[in-house]
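Asks: In the numbering used here, the protein residues as written are 125 to 455. Even glycine gets a Cβ: it sits at the ideal position worked out from N, Cα and C. Computed from a prediction, not measured in an experiment: that's the story for all the values here. My questions will all concern the structure given below.
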């Protein structure tokens, strides 16, 4: 952990978010038990998250991330002239912006100068959440006017400002507790150290997992009748053949009533479909739970510069062992 003198020196350099970190052993814990101890105990874990990874469906990735309940979040909704982004702190809207939410989010991030320290994991705080499917309409302007009605009534973008988190190193069995301090606040260093001690104390308590009960199996509701869905697929095939587009996924929403704990749903999904990217977000009014094999996109800074990684699965074909086999697999 940095000293108070180092903290003041970093503040003098203009950093307005400075991380303090404490270590603890976590070899007798699981990411889920730590989530229950550190995040779920306050307001049922409202505005918290758990990110896990299983590599190849067989072994856990090195790090798991627990975002403790966030005080501030960014939410965006609407398109075109109706697009609006709000900054919410402690349940109150403290700032509202009109215009493209992506531009606001980029500008918002620039308000923070973070004193990242050597030894911190790849993700060590910041904005975490989701960009909904319709976010593409903030980029492709011609799609702004074609957005279907929002029947879920959820933000198109929702990001938690994560300034307290726990990072589990599954390789070493260690837990890293990270708290960000704003040097502009009175006694920021002392309060951050105190918060780290409180979090370490929470590790001493035992927790119980949500009770899993047999429940009624409610029928699934689909947005497409089977005949309509098959007709949409057939139309897509004709449009591809005509050269109007190269690839399309005819999707539909399937929903059913669920009355048990969202965390129980995550545990079941985690068991049935262990994946490289598993996520559990508690946004208070609703939860986002899932597991995916796809990285989609990742950008990170390396000694050689900025590195962007994409690894799409849908719409790709297997690679051959030789150029000849690659050529033979082409459509």
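Check residue 260 in the structure and name its three-state DSSP category.
Replies: Within the chain shown, numbered from 1, the residue matching residue 260 stands at position 136. Residue 260 falls in the helix class under three-state DSSP.
Asks: To the nearest angstrom, how far is it from the Cα of residue 269 to the Cα of residue 321?
Replies: Indexing the chain shown from 1 puts residue 269 at position 145. Indexing the chain shown from 1 puts residue 321 at position 197. Looking at the two C-alpha atoms, the distance is approximately 52 Å.
Asks: Which two residues bound the contiguous beta strand (DSSP E) that contains residue 411?
Replies: What you label residue 411 is simply residue 287 of the chain shown in a count that begins at 1. Under the DSSP assignment, residue 411 falls in the beta strand (DSSP E) whose first and last residues are 411 to 416.
Asks: On the DSSP letters alone, give me the boundaries of the beta strand (DSSP E) that residue 143 sits inside.
Replies: Residue numbering aside, residue 143 sits at position 19 when the chain shown is read from its first letter. Start and end: 142 to 149.
Asks: Spatial neighbours of residue 212 within its chain, please: C-beta separation below 6 Å, excluding the five flanking residues on both sides.
Replies: Here residue 212 refers to the residue found at position 88 when the chain shown is read from its first residue. So the list reads 197, once near-sequence residues are dropped.
Asks: Using alpha carbons as the reference points, say which of 164, 396, 251, 390 lies closest to residue 413.
Replies: The residue you call residue 413 lines up with position 289 of the chain shown. Among 164, 396, 251, 390, the Cα nearest to that of residue 413 belongs to 390.
Asks: Going straight from the alpha carbon of residue 143 to that of residue 264, what length do you get?
Replies: Looking up residue 143 in the chain shown gives position 19. Looking up residue 264 in the chain shown gives position 140. C-alpha separation (whole angstroms): 37 Å.
Asks: If we require 4 or more residues per run, which alpha helix (DSSP H) segments fall completely within the region 352 to 434?
Replies: 386 to 396
Asks: What does the Cβ neighbour count give for residue 233, buried or exposed, with the cut at 16 atoms within 10 Å?
Replies: Residue 233 sits at position 109 when you count from the first residue of the chain shown. Classification of residue 233: exposed, given that the 10 Å Cβ count is below 16.
Asks: Only counting the same chain, and skipping five residues up and downstream in sequence, which positions put a Cβ closer than 6 Å to that of residue 301?
Replies: Here residue 301 corresponds to residue number 177 of the chain shown, with the count starting at 1. Contacts found: 146, 290, 320, 323.
Asks: Between the region 341 to 361 and the region 371 to 383, are three or more C-beta pairs nearer than 8 Å?
Replies: yes
Asks: Does the beta-carbon of residue 285 have 16 or more other beta-carbons within 10 angstroms, so that it is buried, or is it exposed?
Replies: Here the question's residue 285 lines up with position 161 in the chain shown. Per the 10 Å Cβ criterion, buried.
Asks: Using beta-carbon positions only, say whether residue 178 and residue 332 come within less than 8 Å of one another.
Replies: For the purposes of this step, residue 178 is taken as the residue at position 54 of the chain shown. For the purposes of this step, residue 332 is taken as the residue at position 208 of the chain shown. Not closer than 8 Å, so no.
Asks: Since residue 279 and residue 200 are thought to touch, with beta carbons under 8 Å apart, how far apart are those beta carbons, to the nearest angstrom?
Replies: For the purposes of this step, residue 279 is taken as the residue at position 155 of the chain shown. For the purposes of this step, residue 200 is taken as the residue at position 76 of the chain shown. Their Cβ separation, rounded to whole angstroms, is 6 Å, which keeps residue 279 and residue 200 in contact under 8 Å.
Asks: Residues in the same chain with beta-carbon distance under 6 Å from residue 239, minus the five sequence neighbours each way, listed in chain order, please.
Replies: Translated into positions along the chain shown, residue 239 becomes position 115. Cβ neighbours of residue 239 beyond the five flanking positions: 134, 139, 142.
Asks: Look up residue 197 in the DSSP assignment and give the residues it is bridged to.
Replies: Locating residue 197 in the chain shown gives position 73, counting from the first residue. The partner list for residue 197 (beta bridge, DSSP) reads 212, 284.
Asks: Considering residue 244, what are the terminal residues of the beta strand (DSSP E) in which it resides?
Replies: Residue mapping note: residue 244 aligns to position 120 of the chain shown, counting from 1. Segment: none, residue 244 is in no beta strand (DSSP E) and carries neither H nor E.
Asks: Which residues bound the beta strand (DSSP E) around residue 153?
Replies: Position 29 of the chain shown, counting from 1, holds the residue named residue 153. Neither: residue 153 is in no beta strand (DSSP E) and is coded neither H nor E.
Asks: Flag residue 369 as yes when its Cβ comes closer than 7 Å to any non-hydrogen atom of the ligand NAP, and as no otherwise.
Replies: Here there are no bound small molecules, and the ligand NAP is not part of this structure.
Asks: Reducing DSSP to helix, strand and coil, say where residue 189 ends up.
Replies: Taking the chain shown and counting its residues from 1, one reaches residue 189 at position 65. DSSP places residue 189 in strand when its eight states are reduced to three.
Asks: I'd like the span of the alpha helix (DSSP H) that includes residue 318, first residue to last.
Replies: Translated into positions along the chain shown, residue 318 becomes position 194. Segment 312 to 326, the alpha helix (DSSP H) holding residue 318.
Asks: Is the beta carbon of residue 220 closer than 8 Å to that of residue 210?
Replies: Taking the first residue of the chain shown as 1, we reach residue 210 at position 86. Taking the first residue of the chain shown as 1, we reach residue 220 at position 96. Contact annotation: residue 210 and residue 220 have beta-carbon atoms nearer than 8 Å.
Asks: Quick one: using the 10 Å Cβ neighbour count with 16 as the cut-off for buried, is residue 159 buried or exposed?
Replies: Locating residue 159 in the chain shown gives position 35, where the first residue counts as 1. Classification for residue 159: buried.
Asks: Which same chain residues, not among the five before or five after residue 282, have their C-beta less than 7 Å away from its C-beta?
Replies: What you label residue 282 is simply residue 158 of the chain shown in a count that begins at 1. The answer, listed in chain order, is 197, 199, 253, 254, 407.
Asks: Would you mind working out which of 368, 215, 303, 205 sits nearest residue 241, comparing C-alpha positions?
Replies: The count along the chain shown starts at 1 and reaches residue 241 at position 117. Taking only the C-alpha atoms, the option nearest residue 241 is 303.
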